[in-house]
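See structure below.
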Amino acid sequence: MNTNTVHYPLVANNLPVPSALGSLEAYIGAVHQIPVLSVEDEQSLARRFREAEDLDAARELVHSHLRFVVHVARGYNGYGLPLGDLIQEGNIGLMKAVKRFDPEIGVRLVSFAVHWIRAEMHEFILKNWRIVKVATTKAQRKLFFNLRKSKTRLGWLNAAEVSAVAKDLNVSEREVMEMESRLSGRDIGFDAPSDEDDDHAPPSPAAYLMANDEDPAQAYERNDSEADKLGLLREGLAKLDERSRDIIKRRWLDADSKVTLQELADEYGVSAERIRQVEANALKKMKALFAA
């Protein structure tokens with residue numbers, strides 16, 4: 006096993022970090038000085054960790070591949086996120102890969118780890134690229150990382166290009182156009198001040214997303230009051246005799262088939278005046294309940 010060890014500052018998790026080394030450039034320089042393991046050394050360390058849970062072996066496997074994480078992270082510079090943060094996330098993926106690496110499969114650790122490293126970076130990019138998450142489904146995630154590489158020219162895709170991208174990535178054309186729109190947009194502060202000198206600048210969302218509804222406290226008070234009134238109405242109807250309750254319901258509560266005094270009089274075999282008196286007495290009782 007190679008014994009040409011390079012000494013560099015370590016932190017709690019035994020990984021060199023930019024803050025410990027002074028700068029990102031110093032960190033990158035340090036990890037590129039760590040020797041690359043031979044196939045035999047890599048297999049031996051992997052077996053020690055897998056069979057005996059030797060953490061020193063795992064640490065050496067991680068250290069020897071830190072330069073590869075830097076290489077992968079540089080491929081995501083176009084997303085506008087700090088390289089140091091991408092490297093940190095990639096290091097987490099590398100450690101997960103080392104934990105799951107089986108030396109008996111017959112592949113190098115770097116080939117196995119690349120998927121774990123990119124997965125952590127992808128997750129970080131999706132969470133931090135915009136305030137609003139731009140990709141949530143599997144198809145959207147695929148589009149997010151492949152759409153720009155699939156474009157053949159600058160600007161918006163034409164119909165033929167949209168169709169080609171959709172076919173290549175096995176997604177619908179609608180999803181391609183929707184993701185292109187998301188990628189072409191930008192974050193806007195809700196109440197960001199408008200630029201009076203720029204006539205073409207879009208207004209802030211606060212200018213057109215203002216809620217004109219009543220105050221939440223007023224809405225709650227109104228709903229609570231309506232619920233109380235409905236409860237009182239039910240209570241008042243329950244206290245009436247059957248004939249009075251039927252007259253009130255059919256005269257005042259059934260909007261679809263409201264009956265006249267004469268129709269009720271004919272039905273009950275009394276005069277229309279008598280029905281009016283019963284109705285008036287019932288309403289008086291119910292109003293007294295509301296006034297209480």
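Each residue of the sequence shown is one higher than the one before, starting from 6 at the first, in our numbering.
We put the beta carbon where it would ideally sit given N, CA and C, even for glycine.
Does DSSP classify residue i as helix, strand or coil?
i           : result
residue 72  : helix
residue 177 : coil
residue 106 : coil
residue 157 : Interpretation of residue 157 is limited by its pLDDT of 42, a score under 50 that renders its predicted location unreliable; the figure taken from the coordinates is listed afterwards. It is coil, neither helix nor strand.
residue 112 : coil
residue 84  : helix
residue 136 : Confidence is the limiting factor: at residue 136 the pLDDT is only 49, short of 50, which leaves the residue's position unreliable, though a coordinate-based value still follows. Three-state DSSP puts residue 136 in coil, outside helix and strand.
residue 41  : coil
residue 101 : helix
residue 58  : coil
residue 290 : helix
residue 236 : helix
residue 246 : coil
residue 274 : coil
residue 36  : helix
residue 261 : coil
residue 168 : helix
Run the CB neighbour count on residue i, radius 10 Å, all protein chains shown included, and call it buried at 16 or more, exposed below.
i           : result
residue 179 : exposed
residue 125 : buried
residue 295 : exposed
residue 70  : buried
residue 119 : buried
residue 256 : buried
residue 37  : exposed
residue 14  : The predicted model places residue 14 with a pLDDT of 37, which falls under 50 and marks its position as unreliable, so this point remains unresolved.
residue 41  : exposed
residue 47  : buried
residue 98  : buried
residue 60  : exposed
residue 35  : buried
For the ligand GDP, is there any heavy atom lying closer than 7 Å to the beta carbon of residue i?
i           : result
residue 255 : Ligands are entirely absent from the displayed structure, and the ligand GDP is therefore not among its contents.
Assuming residue i and residue j are in contact, meaning their beta carbons sit under 8 Å apart, how far apart are those beta carbons, in whole angstroms?
i           : j           : result
residue 252 : residue 287 : 7 Å
residue 66  : residue 51  : 7 Å
residue 130 : residue 95  : With a Cβ gap of about 11 Å, residue 130 and residue 95 do not count as contacting.
residue 171 : residue 177 : 6 Å
residue 39  : residue 75  : So it is not a contact: roughly 11 Å between Cβ atoms.
residue 283 : residue 227 : So it is not a contact: roughly 33 Å between Cβ atoms.
residue 88  : residue 29  : 6 Å
Considering only C-alpha positions, which residue in the set the options is nearest to residue i?
i           : options            : result
residue 285 : 236, 250, 181, 64  : 250
residue 292 : 245, 268, 259      : 245
residue 132 : 107, 176, 85, 43   : 85
residue 103 : 117, 269, 264, 91  : 117
residue 258 : 267, 235, 268, 279 : 235
residue 101 : 166, 89, 114       : 114
residue 111 : 45, 127, 239       : 45
residue 106 : 62, 248, 89        : 62
residue 56  : 90, 109, 254, 28   : 109
residue 290 : 242, 230, 59, 48   : 242
residue 83  : 127, 58, 43        : 127
Determine, for residue i, whether the minimum Cβ-Cβ distance to residues of chain D falls below 8 Å.
i           : result
residue 176 : Any reference to chain D falls outside this structure, which holds one protein chain only.
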